[in-house]
Amino acid sequence: MARLRLGVLISGRGSNLQALIEACQGLAFPAEVACVISNVRGVQGIERARAAGLPSVVVPHTGYPDRESFEADLTRVLYAHGADLVCNAGFMRILTASFFEEWPDRVINIHPSLLPAFPGLRTHERVLAAGCRFTGCTVHFSRPEVDAGPIIIQAAVPVRPDDTPDTLAERVLTEEHRIYPLAVRWLAEGRVHLEGGRVLVSGTEIPGGALVNPAG
Ligand code: GRF
136 MARLRLGVLI SGRGSNLQAL IEACQGLAFP AEVACVISNV RGVQGIERAR
186 AAGLPSVVVP HTGYPDRESF EADLTRVLYA HGADLVCNAG FMRILTASFF
236 EEWPDRVINI HPSLLPAFPG LRTHERVLAA GCRFTGCTVH FSRPEVDAGP
286 IIIQAAVPVR PDDTPDTLAE RVLTEEHRIY PLAVRWLAEG RVHLEGGRVL
336 VSGTEIPGGA LVNPAG
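Counting with the working numbering, you get residues 136 to 351 for the letters of the sequence shown.
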């Protein structure tokens with residue numbers, strides 16, 4: 136069967152991109168990275184793509200009069216590489232409704248919190264300030280609203296009393312690298328069904344798409 140072709144959008148470090156690249160290197164994995172697009176030049180994620188021998192393109196958002204024309208170029212590059220699914224992986228641009236019309240239910244994102252709690256930036260800092268005992272990460276279908284959309288999978292991690300934003304980020308990131316490839320696998324296997332704004336995941340070993348980090 137043809138593998139699902141991923142267009143991965145990044146803006147920086149690209150550790151989630153790396154997790155997707157490594158998953159796709161598995162012979163039995165049902166997806167492959169078709170292209171990597173960064174809106175920022177010279178970022179580590181582009182180096183990761185090159186090191187893996189994958190096509191990478193820089194589309195600097197600064198060169199466009201408005202978001203829509205930037206996004207039209209993203210779409211052109213994605214189609215040129217035969218992408219089926221857009222995976223935002225640390226992509227720091229807001230996408231408008233017109234992009235989602237072009238890619239209906241074909242854009243997913245990873246966010247370092249248990250959405251709908253703590254959308255936006257400085258997540259770990261805000262989790263600590265709120266005194267949360269648990270946090271985690273979420274892979275979800277993207278919508279024009281920032282960090283919103285039907286949840287595909289989440290992983291929870293405990294917050295420790297001595298955590299700093301950095302230690303918490305590291306613990307959450309380990310789980311991000313686990314759940315993003317899993318979400319992609321489920322999508323590629325046709326197990327992810329959108330029903331009434333919620334996601335049902337069929338036939339997996341993890342009913343309902345919830346993971347808890349047993350190690351803490
Ligand atoms: C991750 O924490 C991701 O959840 C968030 O931005 C960060 C990107 O990290 N959206 P990386 O570029 O994948 O290393």
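All residues carry an ideal CB built from backbone N, CA and C; glycine is no exception. Predicted, not measured: the structure shown is a model, and the values here were computed from it.
Contact belief for residue i with residue j at Cβ below 8 Å, rounded distance in angstroms
{"i": "residue 221", "j": "residue 284", "result": "Not confirmed; about 13 Å, so no contact."}
{"i": "residue 266", "j": "residue 291", "result": "With 8 Å as the limit, residue 266 and residue 291 do not qualify as a contact, their Cβ atoms being about 16 Å apart."}
{"i": "residue 158", "j": "residue 319", "result": "7 Å"}
{"i": "residue 172", "j": "residue 209", "result": "6 Å"}
{"i": "residue 231", "j": "residue 279", "result": "6 Å"}
{"i": "residue 138", "j": "residue 166", "result": "5 Å"}
{"i": "residue 311", "j": "residue 247", "result": "6 Å"}
{"i": "residue 229", "j": "residue 194", "result": "Their Cβ separation, rounded to whole angstroms, is 15 Å, which puts residue 229 and residue 194 out of contact at 8 Å."}
{"i": "residue 153", "j": "residue 185", "result": "At roughly 12 Å, the Cβ-Cβ gap does not stay under 8 Å, so residue 153 and residue 185 are not in contact."}
{"i": "residue 145", "j": "residue 180", "result": "4 Å"}
Best match in the options for proximity to residue i [C-alpha to C-alpha]
{"i": "residue 277", "options": "217, 251 and 173", "result": "251"}
{"i": "residue 326", "options": "318, 317, 336 and 319", "result": "336"}
{"i": "residue 322", "options": "234, 300, 281 and 274", "result": "274"}
{"i": "residue 339", "options": "317, 164 and 172", "result": "317"}
{"i": "residue 176", "options": "191, 331 and 169", "result": "191"}
{"i": "residue 376", "options": "136, 188 and 173", "result": "Past the edges of the chain, shown from 136 to 351, lies residue 376, and the structure says nothing about it."}
{"i": "residue 333", "options": "240, 308, 305 and 229", "result": "240"}
{"i": "residue 306", "options": "331, 269, 237 and 206", "result": "269"}
{"i": "residue 329", "options": "346, 345 and 287", "result": "287"}
{"i": "residue 303", "options": "313, 257 and 282", "result": "257"}
{"i": "residue 234", "options": "213, 289 and 247", "result": "213"}
{"i": "residue 140", "options": "218, 346, 245 and 236", "result": "218"}
{"i": "residue 136", "options": "168, 170 and 324", "result": "324"}
{"i": "residue 345", "options": "331, 161, 160 and 289", "result": "289"}
{"i": "residue 245", "options": "168, 215 and 313", "result": "313"}
{"i": "residue 236", "options": "215, 207, 331 and 170", "result": "207"}
{"i": "residue 196", "options": "160, 169 and 174", "result": "174"}
Residue i beta carbon near ligand 2 (any heavy atom closer than 7 Å)
{"i": "residue 272", "result": "Ligand 2 is not among the ligands present in this structure, which contains only ligand 1."}
Residue i (DSSP reduced to helix, strand or coil)
{"i": "residue 221", "result": "strand"}
{"i": "residue 351", "result": "Bear in mind that the predicted position of residue 351 carries a pLDDT of just 45, short of 50, making it unreliable; the figure below should be weighed with that in mind. Looking at residue 351 - three-state DSSP - the assignment turns out to be coil, as it is neither helix nor strand."}
{"i": "residue 140", "result": "strand"}
{"i": "residue 155", "result": "helix"}
{"i": "residue 162", "result": "coil"}
{"i": "residue 173", "result": "strand"}
{"i": "residue 150", "result": "helix"}
{"i": "residue 212", "result": "helix"}
{"i": "residue 346", "result": "strand"}
{"i": "residue 286", "result": "strand"}
{"i": "residue 281", "result": "coil"}
{"i": "residue 145", "result": "strand"}
{"i": "residue 336", "result": "strand"}
Which ranges does the alpha helix (DSSP H) cover as unbroken runs of at least 4 residues, wholly within the stretch 178-206, from first to last along the chain?
Runs of the alpha helix (DSSP H) inside the stretch 178-206: 179-186.
Any chance you could list the alpha helix (DSSP H) runs of at least 4 consecutive residues sitting entirely within the stretch 233-279, in chain order?
Runs of the alpha helix (DSSP H) inside the stretch 233-279: 258-264.
Does the stretch 223-243 come into contact with the stretch 148-162, if we say contact requires no fewer than three beta-carbon pairs (one atom in each stretch) closer than 8 Å?
With three or more CB-CB distances shorter than 8 Å, the stretch 223-243 counts as touching the stretch 148-162.
Which whole runs of the beta strand (DSSP E) in the stretch 292-334 are 3 residues long or more, in chain order?
Annotation note: the stretch 292-334 contains the following uninterrupted beta strand (DSSP E) runs of length 3 or greater, listed N- to C-terminal: 327-330.
So, does the stretch 251-264 touch the stretch 297-306, judging by three or more C-beta pairs under 8 Å?
Contact between the stretch 251-264 and the stretch 297-306 is present: 3 or more CB-CB pairs across the two stretches fall below 8 Å.
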